[in-house]
Structure formats: C-alpha cells, structure tokens
Amino acid sequence: MISLASVEQVEALLEEHGYIAERSLCTAVFLALRLERPLFLEGEAGVGKTEIAKTLANALSRPLLRLQCYEGIDRQTALYDWNYARQLLHIRLREAGRVDQGDMGWEKRVEDEVYSERFLLRRPLLQAISTTPAPVLLIDEVDRSDAEFEAFLLELLAEFQVTIPELGTIRASEKPLVILTSNRTRELHDALKRRCLYYWIDYPTIEKEMRIVTAHVPGLAQALTHSLCLFIQRLREEPLYKVPGLAETIYFAQALEALNVRVLDEAVLRDTMGCLLKYRDDLELLTGESGRSRVANLLAKV
Ligand SMILES: Nc1ncnc2c1ncn2[C@@H]1O[C@H](COP(=O)(O)OP(=O)(O)OP(=O)(O)O)[C@@H](O)[C@H]1O
Ligand SMILES: [Mg+2]
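Under the UniProt record's numbering, the residue at position 220 of the sequence shown is numbered 220, and the numbers go up by one with no gaps.
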C-alpha cells in the first residue's frame, strides 16, 4: 500500500491523478491518513467533495467503498443483511433431502447453516471493515440521513467493529480512510464532528479553477481558459438560485472546445448558458430583458 510521508507528497499525488487541492486540504488529508481519523468535508454543490475520495482511492491503490446516504437509510442497507431468498431455498433443499424424520438436531444444524457467512450480504460499511488493503470509505451526503443513523455511524467510527449476533464480532485489522461529505442541508451533531477532522471546501480561487480546467480540458487555449474562469467567478457573485460549481465549469470548457470557440462573447454565452445555469429563473436573470446588460457587465470585467 502507498504511504505518504509529507503534505507535499499528498499534493503531488493528487495532482498527478487530476485533483488540484490547496495546501490546507492536503494537510487535512495527510492528517486523516496519519492520525487514522475520519475526514469530514463540507461545501457547496460541485466543489470536489466526492471527487477527492475517488481520487484518493485511485491514487493510493485502495478499493473505494461508497455509501450514498438518503432519508430513511438504515443499518440493513448500510451494514449487512441476510439473503432471505437464498436462505429459504437452502431450507427447502435440505427438507427435500431429509432422511431421518426423527433427527432432533436437524433444525439447529440448518439454522446454523443459513446464518453463516455464505448467506450474509455485506453492505459497504461491513465491507469497509473486512476488506484488505484498508479501503477508502466514502460516506457521501451524510446530512441526508436521519439522526438515528448518524448515531449508529458514530458508534461504528469509534470502534471500527461490528457484532453480528449469529456470527460474532468483526473488527477492522487496518482502519479504512473514512471520508464523510455533507452539503449542509442540516447540521450534523457535535459528537460526530468531534470524531473527525473538519474541512470546508470553498469555491475555488481563479488560479485553482484555471488549473482544474487545464487538467480536464488541456486543449483549450490559456487565454480562453482565463476568461471563462474569470466569467464564472463573477457569475458566482450574482444573485443566483444555484451558483455554478466546478462540474459546470468543466462542462462549459468542454462545450467551448467542442464548438471551437476562440473568444467568449455575448452570442457564445447565450447559446451555451445551459452548461452553467440549470434553473429557469437563473437563466431568465441573464437572458431576459435586463439580462443583456448584466451579461455585458460581466463580460466587460473579463
Ligand atoms: N479540485 C479539483 N480538481 C479537479 N477536478 C475537480 C476538483 N474539484 C471538483 N472537480 C471536478 O468537479 C466535478 C464535481 O465535483 P464533485 O462531484 O466532487 O462535487 P461535490 O462537492 O461532491 O458536489 P455535490 O455536493 O453536488 O455532490 C467532479 O466531477 C470533478 O471532475
Ligand atoms: Mg458529491
């Protein structure tokens, strides 16, 4: 397994795999690895929270296990369940082949069989503590789960072990690198936050955004990359319902490349605004009556 000796190494490895990160974020990653602490990432949509977990798994040659949280997610979906259909089938087959009706130990034996590893469905959290090499465990959008599930996560992250009544206790031999993300649709409890290193990923600076665009769309001329990033930075200051994130910047850059655009002007923007804005009200704000002067204003600063 690849181990990282310094913050600089984290920075270089991430960049090598296409993820551009500030030093402070690299420091948080380094500490999460070194101190074996979960890393809790918050930030607006599309700033690179999910992507860093994927990149780290790839860069560290570790398996990625992803638990996508949602309202109502429970232990069975997150941790383990029994394969009831296969268990039933197994019992039927055993019944069919049963020879001695007077065999008193039969039921107990079949019960032991159906509650064995063979019939266990390992969900991401159980996989995370029983996989080697230690994986990267991404617990994505944890703010969507409810408080009860959060309490259960807290327990798991404290111990990295799970007790399955029928099988016993399973404990991680190496701790996975845990990355939790949240869009802050609700605040998480202090108890969970206390277990983690916390990092807020902000919208990127112009320099960072340009580096990301260059990494994703290397064919785009530097001057155009500069003006499109500057335009998006200014656009984020407008009173939009949904501010464009990095995913939108990348789509936009790809669109400009595909259309062979050389200069960012009003006509180009009018035709490609759908790459950046995904709500009618936001589009209206820039393309409606007063929109023209807004766009002209934004372009004048580019
Ligand atoms: N620092 C970065 N370096 C390179 N690419 C990045 C970076 N941050 C984001 N991206 C790109 O932007 C896209 C959006 O990032 P990602 O899906 O990780 O956002 P997110 O914060 O998880 O958003 P959401 O809250 O909507 O899930 C990714 O597909 C990735 O390609
Ligand atoms: Mg995400």
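Just so you know, even glycine gets a beta-carbon here, dropped at the ideal spot from N, CA and C.
Using 8 Å as the threshold, is the C-beta distance between residue i and residue j below it?
| i | j | result |
| --- | --- | --- |
| L220 | L256 | yes |
| L138 | I179 | yes |
| V217 | C229 | no |
| D202 | K242 | no |
| F152 | K175 | no |
| L13 | A59 | yes |
| S145 | I73 | yes |
| E206 | V162 | For the record, residue 206 in the displayed sequence is Ile; it is not Glu. Not in contact: I206 and V162 (Cβ atoms no closer than 8 Å). |
| L31 | Y80 | no |
| A28 | L192 | no |
| I91 | A215 | no |
| R98 | A158 | no |
| D143 | L67 | no |
| P133 | R62 | yes |
| L64 | L33 | no |
| T50 | T181 | yes |
| R236 | P244 | yes |
| G291 | L299 | no |
| residue 305 | L188 | Nothing about residue 305 can be reported from this structure: the residues present for the chain run from 1 to 302 only. |
| L246 | V136 | no |
| E248 | G18 | no |
| R123 | T77 | yes |
| L39 | Y199 | yes |
| R262 | T287 | no |
| F252 | L277 | no |
At a threshold of 7 Å, does residue i count as lining ligand 1 (C-beta to nearest heavy atom)?
| i | result |
| --- | --- |
| Y251 | no |
| A215 | yes |
| A21 | yes |
| G274 | no |
| G18 | yes |
| L188 | no |
| V47 | yes |
| L192 | no |
| L246 | yes |
| N58 | no |
| I179 | no |
| residue 360 | Limits of the chain in this structure are 1 at one end and 302 at the other, which puts residue 360 out of reach. |
| I206 | no |
| I212 | yes |
| N260 | no |
| N297 | no |
| N83 | no |
With DSSP as the reference, identify every bridge partner of residue i, one or two as the case may be.
| i | result |
| --- | --- |
| T272 | In the DSSP output, where bridge partners are listed per residue, T272 has none listed. |
| E42 | S182, W200 |
| L65 | L137 |
Give a yes or no on whether 8 Å exceeds the smallest Cβ distance from residue i to chain D.
| i | result |
| --- | --- |
| G274 | No chain D is present in this structure, which holds just one protein chain. |
Checklist entry - Quick one, what's near ligand 2 if you take every residue whose CB is closer than 7 Å to any heavy atom, in chain order? => result Matched residues: K49, T50, D140, E141, T181.
Runs of 3 residues minimum, wholly inside the segment 71-129: which ones carry the beta strand (DSSP E) assignment? Complete beta strand (DSSP E) runs here, min 3: 80-82, 120-122.
Check your understanding: Curious, which full-length alpha helix (DSSP H) runs of at least 4 residues does the segment 128-181 contain?
Key -> The qualifying runs are 147-159.
Q) Which ranges would you report for the alpha helix (DSSP H) in the segment 177-235 if only whole runs of at least 4 residues count? A) Counting whole runs of 4 or more residues, the segment 177-235 contains the alpha helix (DSSP H) stretches 190-195, 206-216, 222-235.
Checklist line | Secondary structure, beta strand (DSSP E): runs of 3+ residues fully inside the segment 241-270 | finding: Fully enclosed beta strand (DSSP E) runs of 3 or longer: not present.
Only counting runs of 4 or more residues, tell me where the alpha helix (DSSP H) segments fall wholly within the segment 10-39, in order along the chain.
Listed in chain order, they are 23-35.
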